[in-house]
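Single-structure report; data block below.
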Amino acid sequence: MTTGAQTPSTPARPRRSRLRTFLPLGLAAWLVLEIWLLTVVAGASSGLVVFLVLLAGLVLGSVVIKRAGRRAFRNLSEALQQQQSGAIPQAARPSSEGNGLMMLGGLLLMIPGLVSDAVGLLLLLPPVQKAVSRSAERTFERKLREADPGTLGGAFQQARMHRPDGKVVQGEVIRDESGDAPKEPRPPLTH
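Structure representation (structure tokens):
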């Protein structure tokens, strides 16, 4: 029996992104490759050798993560001490770069498998770290430029005003359209 009311039409499903489509397939292929390589190495040598390789990766990965974490914490505490003393913090120092990539490399070393160990070892090399960080920075900046207003990317487009006493005032950039611009000058900002 019908009531005469129209049934609500369901909105079209949004298209899945490529990442959501291919990420599960990539993870499954990576898992199959890792297992196959471990069986090949175990067949060529012995199970004990595979166990020792996996154990060495676990130990080396934990040492790398611990070292990178200590270095990141030391850099953070130095920056906080400089900020509290009123000194202007230094720009990004070369020793502080790459802590995140070192931690990622250590994590990949801890994951059982030979491919993840190889990628983890590559991430520990400084030239690879610089190339990956430059690429990630360019991608991040491009995504911010492409971000629509009101999105999460738009939240990062903020201005900082430095007052004469050194304090930083957070603010948001608002662009006036040419027709909406005020005719009289704006009053100066005061504290």
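Position one of the sequence shown corresponds to residue 153 (the working numbering), numbered consecutively onward. Even glycine gets a Cβ: it sits at the ideal position worked out from N, Cα and C. If you're wondering where the values come from, they're calculated on a predicted model, not measured in any experiment.
Residue i in three-state terms, based on DSSP
| i | result |
| --- | --- |
| L177 | helix |
| R345 | Residue 345 falls outside the range modelled here, since the chain spans only 153 to 343, and no answer is possible. |
| P264 | coil |
| S285 | helix |
| L204 | helix |
| L273 | helix |
| S197 | coil |
| A224 | helix |
| G250 | coil |
| A231 | helix |
| G258 | helix |
| G238 | coil |
| R172 | helix |
Proximity winner among the options, relative to residue i (alpha-carbon distances)
| i | options | result |
| --- | --- | --- |
| V213 | P264, R172 and L259 | Correcting the residue identity first, residue 213 is Gly in this sequence and not Val. Comparing Cα positions, the closest option is L259. |
| P278 | A181, G257 and W188 | G257 |
| N251 | Q281, W188, R168 and W182 | Q281 |
| M255 | R219, R167, A196 and S197 | R219 |
Beta carbon of residue i nearer than 8 angstroms to that of residue j
| i | j | result |
| --- | --- | --- |
| L177 | V267 | no |
| L276 | V211 | no |
| L261 | S285 | no |
| P264 | L206 | yes |
Residues of its chain near residue i, where Cβ-Cβ distance is below 8 angstroms and the 5 sequence neighbours each way are ignored
| i | result |
| --- | --- |
| V202 | L190, V193 and A194 |
| S237 | none |
Nearest-angstrom beta carbon gap, residue j and residue i [assumed within contact, 8 angstroms]
| i | j | result |
| --- | --- | --- |
| G209 | D269 | 5 angstroms |
Minimum Cβ-Cβ distance from residue i to chain C less than 8 angstroms
| i | result |
| --- | --- |
| V192 | Among the chains of the structure shown, chain C does not appear; only one protein chain is present. |
Residues of its chain near residue i, where Cβ-Cβ distance is below 6 angstroms and the 5 sequence neighbours each way are ignored
| i | result |
| --- | --- |
| V271 | L260 |
Same chain, Cβ closer than 7 angstroms to residue i, five either side skipped, listed in chain order
| i | result |
| --- | --- |
| R170 | none |
| A283 | none |
| P166 | none |
heavy atom of the ligand GTP below 7 angstroms from residue i C-beta
| i | result |
| --- | --- |
| G238 | The ligand GTP is absent from the structure shown, which contains no ligand whatsoever. |
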